[in-house]
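In our numbering, the protein residues as written are 548 to 1081.
One structure below.
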């Protein structure tokens, strides 16, 4: 209450607004458009048109179509249908006028075009059923085309990202060698160039790849998910905070950075493996669900039965990954348990975003009196399109990861091996120059002076090598490369956010292993020859 009173006083003293309220609203609107509306519009528009085409089979009137669709707040596109419905019911607009006015506020081209086509169809007297069936096919084709274009862009930018990041790493290596040779006064300023370059390449590549494809969530992210998702949620609440505390303490105590990375990889490995298994299970369930829902709809429509007898009649043996969930639903429905809770448990245990969306569309359409066979066909076709597109993306992402991990290992290895070679050279040269200083009296007269000058000049280039500063520089670069490649792998592959644990475990383990073995291998295979008799 006191805080609300404070806010009221601020508004009263600032013409009814909080300080920076307009700026905050503008920033929030832009972020919402970038991260939510633009990313989810394609898939949500497909969900919305599938829903509208499904309920039209129940002979829903136009006001019912707008009211029911506008109430589906989980789709980002339905808020514009809801606005049009309000203009009609509260302000007396016609549907053509309402849709035309709403379209003026729409920035997304796909939705803008769809709303205008709907207004033109109504104005031309086209029945809603005919328009929605044709529009659903149009949106499917548009979504498929935009998704495939995004995948091609993702493929090209994925290759470009790896090439640019590798080039940036090479520039960082050149900078490190240059510092070892010339020892400039402002070392940190020189190193900052490398930080900015690699950071800029990482941000550019990640943002571009993120924008390339529309959002395609795999998990429904409800409070209760699949057994794997529930296990991850329970484990991460303990593992992640403990890991953060341990890592901070080890870094403060000066523990070997490679061991810290290996520890991160090992502790995140169980979470990553579970997330990877869950991702694979969802992919398999999604591939079977279109067949399942189409079969159930056909049986319900053909026999005029409820959903429980229809489930009994379908061939569950052809659906091995959905069969346990289907049998569970069938048993609960036969026992007379609540149908809504039974299907909600099916959605939770399945863990799939697409099953969550399309099963609700199917059941809502049937509750409104829709024809089961027609609705099943509509839902099955829309979901199948998305499943096939996702399979294409999976192929691209596997190729990207197959290239990303070895290239990451190569970049880190080049940095580490070259750094340790420079350290060995600097130590050997410093030791030799110290011995030359002891024998300086023998080399300061006659030809000895020229020999000392020549050897001292050639050795001096590595004598001021700042091992600590460059070592810290290498750690920062490895950290930047590791974080960047983890995020890039997640963006390209898609899936649930828990897959970050899998990629973090994989890439951190590779980086940590190289950090540990690099000085050992360098010490074995790289030896500075000792010149005797000088």
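Cβ coordinates follow ideal geometry from the N, Cα and C atoms, glycine included.
Collapsed DSSP secondary structure at residue i in the structure displayed
| i | result |
| --- | --- |
| residue 766 | strand |
| residue 749 | helix |
| residue 773 | coil |
| residue 899 | strand |
| residue 1067 | helix |
| residue 593 | helix |
| residue 785 | helix |
| residue 1082 | Nothing can be reported for residue 1082, as the shown portion of the chain is limited to 548 through 1081. |
| residue 733 | coil |
| residue 585 | helix |
| residue 739 | helix |
| residue 1074 | coil |
| residue 601 | helix |
| residue 622 | coil |
| residue 915 | coil |
| residue 866 | coil |
| residue 643 | helix |
Cβ shell of residue i (< 7 Å), same chain only, five flanking positions each side left out
| i | result |
| --- | --- |
| residue 919 | 844, 847, 848, 913 |
| residue 708 | 752, 756, 1035 |
| residue 1055 | 808, 811, 812, 1029 |
| residue 1050 | 1033, 1036, 1037 |
| residue 1066 | 967 |
Nonlocal neighbours in the same chain, by C-beta distance under 6 Å from residue i, ignoring five residues either side
| i | result |
| --- | --- |
| residue 1016 | 734 |
| residue 996 | Low local confidence applies: a pLDDT of 43 at residue 996 is under 50, so the model's placement there is unreliable, with the coordinate-based value given in what follows. Once the five neighbours on either side are set aside, residue 996 has no close Cβ partner at all. |
| residue 816 | 1052 |
| residue 622 | 591, 594, 595 |
| residue 1020 | 738 |
| residue 676 | 603 |
| residue 1058 | 808, 959, 1025, 1029 |
| residue 868 | 831, 832, 835 |
For residue i, the nearest candidate out of the options (CA to CA)
| i | options | result |
| --- | --- | --- |
| residue 723 | 783, 964, 901 | 964 |
| residue 1071 | 1043, 967, 859, 605 | 967 |
| residue 1048 | 868, 916, 1039, 813 | 813 |
| residue 754 | 803, 700, 764, 740 | 700 |
| residue 668 | 702, 690, 609, 634 | 609 |
| residue 928 | 842, 1013, 661, 854 | 842 |
| residue 748 | 685, 936, 1032 | 1032 |
| residue 636 | 941, 786, 617, 778 | 617 |
| residue 941 | 1074, 830, 639, 924 | 830 |
| residue 691 | 778, 938, 705 | 938 |
| residue 802 | 729, 1041, 1022 | 1022 |
| residue 599 | 588, 825, 611 | 611 |
| residue 660 | 627, 673, 672 | 627 |
| residue 1064 | 974, 804, 821 | 804 |
Span of the alpha helix (DSSP H) around residue i
| i | result |
| --- | --- |
| residue 687 | 675-729 |
| residue 652 | Residue 652 -> no alpha helix (DSSP H), and no H or E assigned at all. |
| residue 1032 | 1014-1040 |
| residue 627 | 625-638 |
| residue 837 | 804-850 |
| residue 617 | 609-617 |
| residue 857 | 854-860 |
| residue 870 | 870-881 |
With 16 other Cβ atoms within 10 Å as the buried cut-off, status of residue i
| i | result |
| --- | --- |
| residue 1062 | buried |
| residue 632 | buried |
| residue 989 | Because residue 989 sits at a pLDDT of 47, beneath the cut-off of 50, its placement in the model cannot be relied upon, and the point is left open. |
| residue 712 | buried |
| residue 656 | exposed |
| residue 806 | exposed |
| residue 761 | buried |
| residue 743 | exposed |
| residue 955 | buried |
| residue 837 | buried |
| residue 638 | exposed |
| residue 576 | exposed |
| residue 775 | buried |
| residue 679 | buried |
| residue 894 | buried |
| residue 840 | buried |
| residue 923 | buried |
| residue 578 | exposed |
| residue 589 | buried |
Sequence-distant residues of the same chain with beta carbon closer than 8 Å to residue i, five excluded per side
| i | result |
| --- | --- |
| residue 720 | 961, 962, 965 |
| residue 716 | 745, 958, 961, 962, 1024, 1028 |
| residue 850 | 856, 857, 860 |
| residue 992 | Interpretation of residue 992 is limited by its pLDDT of 46, a score under 50 that renders its predicted location unreliable; no figure is taken from the coordinates. |
beta-carbon residue i near the ligand MN non-hydrogen atom, thresh 7 Å
| i | result |
| --- | --- |
| residue 793 | The model on display carries no ligand, and the ligand MN is accordingly not part of it. |
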